[in-house]
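J.:
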Amino acid sequence: MPHHVHDPIARAVIQSAADAIVAVDHRYRVTVWNPAAERMFGWTAEEMVGRVAPIVPDELQAEHNAVQERLLTRRTGEGGQISIATRRFHRDGRLIDVRIDTSLLKDPDGGPLGWVGVYHPVEEDDVVQHHMAERARLVRRLNDIVADLNAELDLATVLDRITDALIELTGADAGGFVRIDGDRLRLVSMSGLPEHLRGTTADLRSSLVGELLRSGKTVKLATGERRLGDLVWSELPGLHTIALGLSYLQNRPYGALYALFSGQKVGHTELELLELLAGHAGVAVGNAVAYAEVVRQRAHERAVIDSSADGIAVLDRDLVVRQWNPAAHTLTGIPAGEALGRPLPFAMPALGEMLTIPWSEGVWLNVLAAEIEETGGLVVDFRDVSEAKALEEAKDLFLATTSHELRTPITVVQGFSSTLVNRWDELADTDRRAAVATIAERAQSLGRLVEHLLLGARAGADELTVTNETFDLARVIEGVVAGFRSLSSLHRVELEIDPDLPQARGDAMATDIVLGQLLENAFKYSPDGGTVRVSAYPEGGSLVITVVDEGIGIAPGDHERVFERFVQGEAGDRRRFGGIGLGLYIVKRLTEAQGGTIKAGPAPHGAPGTCMTLTLTRPA
């Protein structure tokens, strides 16, 4: 017995009552626990007073909450007691069937103090059987609805089905679901209300949802004109009661279900079903939100994979291709339709190791594989390294060729120098002069080779500097041709310059180097001699210079390759002409630095030999 029950008669009545009497305060802590309650539930008053009684099964907590909430909102004249047939726990863990008459406890001013329940043991009479049967039916229907909700993954559809289920289970005249969006509420789903209300917002703090959040409960009843104006519900004609229950997502309030009644009265059963449905709604919404996030994440991953310049294949645990991005198609020539559902079309490296494999003629792939721990599958990344592979091979050839090119003149210089040092007095003057001339010639060859190496290195590092300005192209061409006419008795150089050739825009020194290299190549690849024709003429807004020889020509398919670094053309006759494969590479870089172009082609009119065409710009 609580210490504040002062009336001895009232105390005696409670103590001697045949039925269990339990009173709780507004925080649900026991204030009265009479001897009949001790006999019915097995706990003593000393054990229960001041604590929350552990007698309500979890599955019936919503029913218990609904009864208490309904009593708090009853108006004068509606009666101060609710009777239900239900079950409660005994101390030994078994469930006992009881009928509970619950009333609201009030202070002298009418304020709520708590609740008092009178518990009657019941037999399986017709009333109890009917109540249990009806409850079982509603629970089965709720379970069916929940299963249906959890099977649906579209968020908008889930919310609409929740609202429809609310109407079906509670018999409400209209309903809706509001989402908590910061400090606002938004109506996202509804039934029985005008369509124009969808998307309507309201202030959270001043709403019934705000009151419910501050109360710490999960279900609430509201009556009275002022409170019925909450959000937009006042548009329902005859509205007399609003019931709402909170839905949580990841333990945070996500929204609330509103049940609107303009006809039937609201009972504790409707409140219980509302609370249960609101709880399950949070789970269903969580599933839909999680699914939407997975879809969004997969779309993001797909976009990343599809936009990658690398080929990417995703394999399952059986090493069957499940994803094949556009770059994979481009690199291998195999479309996704042919790759999917099959093993990887090339060798796969060990996890974490890079493997370089030949794919097709001239095409090499670097392949890397990584495991997807969550699924046991693999991601295989591969890229085209043909250019790097070709450059690597060209560098090897370059080193071998350069060593050869350096060895010959150095050997000659060393030999003649040693001869001069050791046999100077024995040699005739003509022999000494011949030896010195040979040394000078070989030193000049070494100088040209080193100059090419330096220019090639600067060109490869994009460090070639030119000064583009207006210059006299005809004068530069004449100077280069004059220097070459005396170099070979086997070759004849013919020059034809348009008399009206305008000045060019570019770098005179760079152009001199370019033309010198073109003429040197024309001589080198015309070992039997012949005519080298140099022409210059205006064409549109450009100036064109051609150098045509009668030599061995360039193999078909190599007209572009000859301008690449370290490339000397195909093996065969051309290998006997030596060189390090940098001359035409330097020509191309110097020409492009001036804003011009260079291209190689066969000699005109089907004649043997090569035609090099240099195009420069004219001043603006």
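Here the working numbering = 1-based position in the sequence shown + 138.
No residue lacks a Cβ here, since even glycine has one placed at the ideal position from N, Cα and C.
#1: Considering just the uninterrupted stretch of the alpha helix (DSSP H) at Thr211, what are its terminal residues?
#2: Using a Cβ distance threshold of 8 Å, determine whether the segment 432-452 contacts the segment 344-362, with at least three qualifying pairs required.
#3: Three or more C-beta pairs under 8 Å: does that hold for the segment 721-737 against the segment 650-669?
#4: Per DSSP, Asp522 forms a beta bridge with which residues?
#5: With DSSP as the reference, label Ala597 as helix, strand or coil.
#6: Specify the secondary structure class of Tyr663 as computed by DSSP and reduced to three states.
#7: By the three-class DSSP mapping on this structure, what secondary structure does Gln388 have?
#8: Which residue comes first and which comes last in the beta strand (DSSP E) that contains Tyr257?
#9: Under the assumption that Ala632 contacts Thr576 (Cβ atoms under 8 Å), give the Cβ distance between them as a whole number of angstroms.
#10: Suppose contacts are defined by Cβ-Cβ distances below 7 Å. Is Asp448 in contact with Asp519 by that definition?
#11: Strictly by DSSP, which residues pair up with Val316?
#12: Do the segment 252-260 and the segment 155-168 touch if we need at least three Cβ pairs shorter than 8 Å?
#13: Who are the Cβ neighbours of Glu176 in its own chain at under 7 Å, not counting the five residues just before and after it?
#14: What do you get for Gln552, buried or exposed, if any count of 16 or more other CB atoms within 10 angstroms of its CB means buried?
#15: Evaluate Thr748 with the Cβ neighbour count: other Cβ atoms within 10 Å of its Cβ, from every protein chain shown; 16 or more gives buried, anything less gives exposed.
#16: With DSSP run on the structure shown, which of helix, strand or coil describes Arg460?
#17: Count the other CB atoms within 10 Å of the CB of Leu384; is the residue buried (16 or more) or exposed (fewer)?
#18: Whose C-beta lies closer than 7 Å to the C-beta of Ile220 among residues of the same chain, with five residues either side of it excluded?
#19: Going by DSSP, which residues form a beta bridge with Gln219?
#20: By a C-beta neighbour count over all protein chains shown, 10 Å radius and 16 as the cutoff for buried, is Leu625 buried or exposed?
#21: Verify whether the separation of the beta carbon atoms of Gly180 and Arg229 is less than 7 Å.
#22: Under three-state DSSP, which class holds Gly484?
#23: Measure the beta-carbon distance from Phe227 to Pro192 and round it to whole angstroms, keeping in mind my assumption that it falls under 8 Å.
#24: Find out if the Cβ-Cβ distance for the pair Leu506, Met486 is shorter than 7 Å.
#25: Measuring CB to CB, does Lys358 end up less than 7 Å from Leu325?
#26: Quick check on Tyr166: does DSSP put it in helix, strand or coil?
#27: Between Arg480 and the rest of its own chain, which residues show a CB-CB distance below 8 Å, the 5 nearest in sequence each way excluded?
#28: I'd like to know if the segment 660-674 and the segment 683-691 are in contact, where contact means that at least 3 CB-CB pairs between them fall below 8 Å.
#29: Look up Glu702 in the DSSP assignment and say whether it is helix, strand or coil.
#30: Let's test the definition: count the other Cβ atoms within 10 Å of the Cβ of Gly721 and tell me whether it reaches 16, buried, or not, exposed.
#31: Go ahead and label Gln461 buried or exposed: buried means 16 or more other beta carbons lie within 10 angstroms of its beta carbon, across all protein chains shown.
#32: Do Gly689 and Glu663 count as a contact pair if the criterion is CB distance below 7 Å?
#33: Please confirm whether Gly252 and His378 have their CB atoms less than 7 Å apart.
#34: Helix or strand or just coil, what does DSSP make of Thr356?
#35: If we cut at 7 Å on Cβ distances, does Ile147 have a partner in chain C?
#36: For Asp666, is the beta carbon positioned less than 6 Å from some heavy atom of the ligand MG?
T.: Reading from the atomic positions:
#1: Counting from 1 along the sequence shown, the entry for residue 211 is found at position 73. Unbroken alpha helix (DSSP H) run through Thr211: 199-211.
#2: no
#3: yes
#4: On the sequence shown, residue 522 is found 384 positions in, with the first residue counted as 1. For Asp522, which the question treats as bridged, DSSP gives the partners Leu503.
#5: In the sequence shown, counting from the first residue as 1, residue 597 sits at position 459. Residue placement at Ala597 is flagged as unreliable, the pLDDT there being 46, under the threshold of 50; the coordinate-derived value follows with that caveat. If DSSP states are grouped into helix, strand and coil, Ala597 belongs with the helices.
#6: Counted from its first residue, the sequence shown places residue 663 at position 525. Of the three classes helix, strand and coil, the one that applies to Tyr663 here is coil, per DSSP.
#7: As a first step, residue 388 must be located in the sequence shown, where it is residue number 250. Of the three classes helix, strand and coil, the one that applies to Gln388 here is coil, per DSSP.
#8: Here residue 257 refers to the residue found at position 119 when the sequence shown is read from its first residue. Start and end: 250-259.
#9: In the sequence shown, counting from the first residue as 1, residue 632 sits at position 494. In the sequence shown, counting from the first residue as 1, residue 576 sits at position 438. Correcting the residue type first, residue 632 is Glu in the shown sequence and not Ala. About 32 Å; that fails the 8 Å criterion.
#10: In the sequence shown, counting from the first residue as 1, residue 448 sits at position 310. In the sequence shown, counting from the first residue as 1, residue 519 sits at position 381. Their beta carbons are under 7 Å apart, which means Asp448 touches Asp519 by this criterion.
#11: As a working mapping, residue 316 is identified with position 178 in the sequence shown. Looking at the DSSP assignment, Val316 forms a beta bridge with Leu325, Ala394.
#12: yes
#13: Stepping through the sequence shown from its first residue, residue 176 is reached at position 38. If we look at Glu176 and ignore the five residues flanking it on each side, its Cβ neighbours are Thr182, Ala183.
#14: On the sequence shown, position 414 is the one that residue 552 refers to. Exposed.
#15: In the sequence shown, counting from the first residue as 1, residue 748 sits at position 610. Classification for Thr748: buried.
#16: Stepping through the sequence shown from its first residue, residue 460 is reached at position 322. Looking at Arg460 - three-state DSSP - the assignment turns out to be strand.
#17: Indexing the sequence shown from 1 puts residue 384 at position 246. Result: buried.
#18: As a first step, residue 220 is located in the sequence shown; it is residue number 82 there, counting from the start. Once the five neighbours on either side are set aside, the close Cβ partners of Ile220 are Val205, Arg208, Leu209, Thr240, His406.
#19: By one-based count along the sequence shown, residue 219 stands at place 81. Ser241.
#20: The residue labelled residue 625 in the question sits at position 487 within the sequence shown. Exposed, since its Cβ has fewer than 16 Cβ neighbours within 10 Å.
#21: Mapped onto the sequence shown, residue 180 falls at position 42. Mapped onto the sequence shown, residue 229 falls at position 91. Contact flag set, yes.
#22: Residue 484 sits at position 346 when you count from the first residue of the sequence shown. Note that residue 484 is Phe in the sequence shown, not Gly. Looking at Phe484 - three-state DSSP - the assignment turns out to be coil, as it is neither helix nor strand.
#23: Working through the sequence shown from its first residue, we reach residue 227 at position 89. Working through the sequence shown from its first residue, we reach residue 192 at position 54. Sure, about 7 Å apart at Cβ, within 8 Å.
#24: Against the sequence shown, residue 506 aligns to sequence position 368. Against the sequence shown, residue 486 aligns to sequence position 348. In this structure, Met486 does not lie closer than 7 Å to Leu506 by Cβ.
#25: Along the sequence shown, read from residue 1 onward, the residue named residue 358 stands at position 220. Along the sequence shown, read from residue 1 onward, the residue named residue 325 stands at position 187. Cβ distance not < 7 Å, so Lys358 and Leu325 don't count as in contact.
#26: Counting from one through the sequence shown, the residue named residue 166 turns up at place 28. Tyr166 falls in the coil class under three-state DSSP.
#27: Counting from one through the sequence shown, the residue named residue 480 turns up at place 342. Correct list, in chain order: Val458, Val459.
#28: yes
#29: For the purposes of this step, residue 702 is identified with residue 564 of the sequence shown, where counting begins at 1. DSSP places Glu702 in coil when its eight states are reduced to three.
#30: Sequence index remark: in the sequence shown, residue 721 carries index 583 (1-based). Answer is buried; the Cβ neighbour count reaches 16.
#31: The residue given as residue 461 occupies position 323 in the sequence shown. With 16 or more Cβ atoms within 10 Å of its Cβ, Gln461 is classed as buried.
#32: For the purposes of this step, residue 663 is identified with residue 525 of the sequence shown, where counting begins at 1. For the purposes of this step, residue 689 is identified with residue 551 of the sequence shown, where counting begins at 1. Per the sequence shown, the amino acid found at residue 663 is Tyr instead of Glu. It is a contact, given that the beta carbons lie within the stated cut-off.
#33: Here the question's residue 252 lines up with position 114 in the sequence shown. Here the question's residue 378 lines up with position 240 in the sequence shown. Not in contact: Gly252 and His378 (Cβ atoms no closer than 7 Å).
#34: Along the sequence shown, one-based indexing puts residue 356 at 218. If DSSP states are grouped into helix, strand and coil, Thr356 belongs with coil.
#35: The question asks about chain C, but that chain is absent: this structure has only one protein chain.
#36: The ligand MG is not part of the structure shown, which contains no ligands of any sort.
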